[in-house]
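Written below as structure tokens is the structure these notes are about.
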Amino acid sequence: MSTAPARVYVARLVGLPIFDPQGDQVGKVRDLVVAIRSETSQPRVLGLVAEVFGRRRIFVPMTRVTHIDSGQVYTTGLLNMRRFEQRPTETLVIGQMLDRTVTIESTGVQGTVYDVGMEQVRTRDWVLSRVAVQEPSKALRRRGQTHVVEWRDVVGLVGREPTQGATHLIAALNEMRAADAANVIHDLPAERRTAVVAALDDERLADVLEELPDEDQVEILEHLDSERAADVLEEMSPDDAADLIADLPPETAAKLLDLMEPHEAEDVRRLMSYAEETAGAMMTPEPVILGPDATIADALAQIRQAELPVSLAAMVYVCRQPLETPTGRLLGVAHFQRLLREPPSTLVAAALDQSMDPLHPEATIDDVAAHLATYNLVAAPVVDDAGHLLGAVTVDDLLDHLLPENWRDQKLGTPPAEASHG
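Here's what the structure looks like:
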């Protein structure tokens, strides 16, 4: 292995790109796998958990890692692409060590683990050598005092089931894209997952739920108290919330809908009233809607919002009053590329594309796919018989329904029989 830093802190590795010898990125670091023998014996680092091809997680032995620095990890390029599955003798540093409550033996100080340092020893093996511990905050201090100590000076990382919170793992998850955070949560042990879900704020949990397999969504929601479950559903996209509520027992679904804000619940109920696998069932009722007196500048300001999904920012929908779905009559749509070519003071109504017919809520998945493909669209309006805008179907809505039900859990089709590592 080529020159490496004397010590690397694991929490700083998460998310770093992994490159092959040619300099091509092959994945990202998601965790570190170690074998713990005792409280006094430094655990040997077995390898990295890497995410490749967007979703699949594989095991990268440390013998395949040629260089680590603060910004990247290099490998030999010879990687086994079989899906990683943790063995009983293995521990994940990020998933299972961060936030454990431990005691520093030499001082008696108690705190939680917020990072772990590893270094390479004379045998060329990597071992865990340092533990970073943070004391609880005291009085007016915003953060508790921190200590970095030797592995053997920490009690509580080995043996009985540990006391483990979620503060530092939550901090790591909040730095990830929602889909990446969902992958981490999906792979956590049940008790650890419960602690993490409890610590996530409602908006972040909603984003993550939208990226999880259906079974995980239902399981997590059913373990929340009803008030919080309703709050989380309100933060989800109405079409995703409708799909999730439809998977719940009828009495649970009815209770949660009653607890939601009336306006939010109304959108969800309306989506649930359409037949499955139709444009009405998969559309979002919250596209960017403007009146005919809005300007190009108004439209650009609306689609510039950071939280707006890319597919919904691709066009604006110009309608008569009222401007909430179901709206007044749809006058047309304006594509964002056309908006960029017009003077900001121009009325958006002057930039409308009226050349295509909108979809109706009864349109099938095949109808929607053909429509988007025919007009090279990433989104399309859905109207009722009177021409009132009901919502918009986006290409990501379509893909969610075209892909197999368990596509999020398939890790790009890796069969369970291959779930191992060497």
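Position in the sequence shown (from 1) plus 13 gives the number in the working numbering. C-beta atoms are modelled at their ideal positions from N, C-alpha and C, and glycine is treated no differently.
Quick check on DSSP: helix, strand or coil for residue i?
i, result
"residue 122", "coil"
"residue 26", "coil"
"residue 349", "helix"
"residue 385", "helix"
"residue 391", "coil"
"residue 148", "coil"
"residue 407", "strand"
"residue 133", "strand"
"residue 239", "helix"
"residue 295", "helix"
"residue 269", "helix"
"residue 323", "coil"
"residue 364", "helix"
"residue 199", "helix"
"residue 38", "strand"
"residue 31", "strand"
"residue 228", "helix"
"residue 110", "helix"
"residue 328", "strand"
"residue 171", "coil"
"residue 160", "strand"
"residue 180", "helix"
"residue 49", "coil"
"residue 402", "strand"
"residue 310", "helix"
"residue 80", "strand"
What is the rounded straight-line gap between the Cα of residue i and the Cα of residue j?
i, j, result
"residue 364", "residue 273", "38 Å"
"residue 113", "residue 48", "17 Å"
"residue 412", "residue 144", "44 Å"
"residue 334", "residue 355", "24 Å"
"residue 151", "residue 124", "12 Å"
"residue 71", "residue 233", "25 Å"
"residue 92", "residue 25", "23 Å"
"residue 347", "residue 388", "14 Å"
"residue 400", "residue 242", "35 Å"
"residue 19", "residue 379", "58 Å"
"residue 435", "residue 74", "Because the pLDDT of residue 435 is 47, which lies under 50, any placement of that residue in the model is unreliable, and the number read from its coordinates should be weighed accordingly. The alpha-carbon atoms of residue 435 and residue 74 are separated by roughly 8 Å."
"residue 102", "residue 171", "12 Å"
"residue 260", "residue 37", "42 Å"
"residue 305", "residue 278", "28 Å"
"residue 41", "residue 397", "46 Å"
"residue 66", "residue 190", "15 Å"
"residue 141", "residue 27", "16 Å"
"residue 436", "residue 87", "In the structure as shown, the chain starts at 14 and stops at 435, and residue 436 therefore has no counterpart that could be examined."
"residue 188", "residue 368", "42 Å"
"residue 100", "residue 384", "48 Å"
Tell me, please, whether the CB atom of residue i is closer than 8 Å to any CB atom in chain D?
i, result
"residue 215", "Of the chains in the structure shown, none is chain D; there is only one protein chain."
Go through its chain and collect everything with a Cβ distance to residue i's Cβ below 7 Å, but skip five positions before and after it.
i, result
"residue 85", "29, 30 and 32"
"residue 183", "209, 212 and 213"
"residue 324", "391, 392, 407, 408 and 409"
"residue 316", "301, 326, 329 and 349"
"residue 16", "Only weak support is given to the placement of residue 16: the predicted model assigns it a pLDDT of 47, under 50, and the question is left unresolved by the model."
"residue 294", "284, 287 and 288"
"residue 138", "57"
"residue 352", "309, 312, 313 and 364"
"residue 229", "199"
Note down, in chain order, each residue of its chain lying with its Cβ closer than 6 Å to the Cβ of residue i, except the 5 sequence neighbours on either side.
i, result
"residue 165", "53"
"residue 404", "296, 297, 298, 338 and 395"
"residue 14", "Since pLDDT at residue 14 reaches only 44, below the 50 mark, its modelled position is unreliable, and no value is offered."
"residue 429", "Note that residue 429 scores a pLDDT of 36, beneath 50, so its modelled location is shaky; the value from the coordinates is reported in the next line. Here the set comprises nothing."
"residue 280", "251 and 298"
"residue 415", "none"
"residue 255", "281, 284 and 285"
"residue 222", "230"
"residue 192", "224"
Could you check how far apart the C-beta atoms of residue i and residue j are, in whole angstroms? I think they sit under 8 Å.
i, j, result
"residue 340", "residue 302", "6 Å"
"residue 12", "residue 361", "What is shown of the chain runs 14 to 435, which leaves residue 12 out entirely."
"residue 343", "residue 332", "5 Å"
"residue 246", "residue 269", "6 Å"
"residue 169", "residue 106", "Residue 169 to residue 106, Cβ: 15 Å. No contact."
"residue 181", "residue 127", "5 Å"
"residue 43", "residue 62", "5 Å"
Between which residues of its own chain and residue i is the CB-CB distance below 8 Å, once the five residues before and five after are set aside?
i, result
"residue 21", "81, 130, 131 and 132"
"residue 104", "46, 47, 48, 49, 56 and 110"
"residue 225", "195, 198, 199, 233 and 421"
"residue 291", "374, 375, 376, 377 and 378"
"residue 119", "162 and 166"
"residue 216", "248"
Answer yes or no: the CB of residue i versus the heavy atoms of the ligand GTP, is any distance below 7 Å?
i, result
"residue 255", "What this structure holds is no ligand at all, so the ligand GTP is not there to describe."
Quick check: the stretch 246-257 against the stretch 364-373, are there 3 or more CB pairs under 8 Å? no
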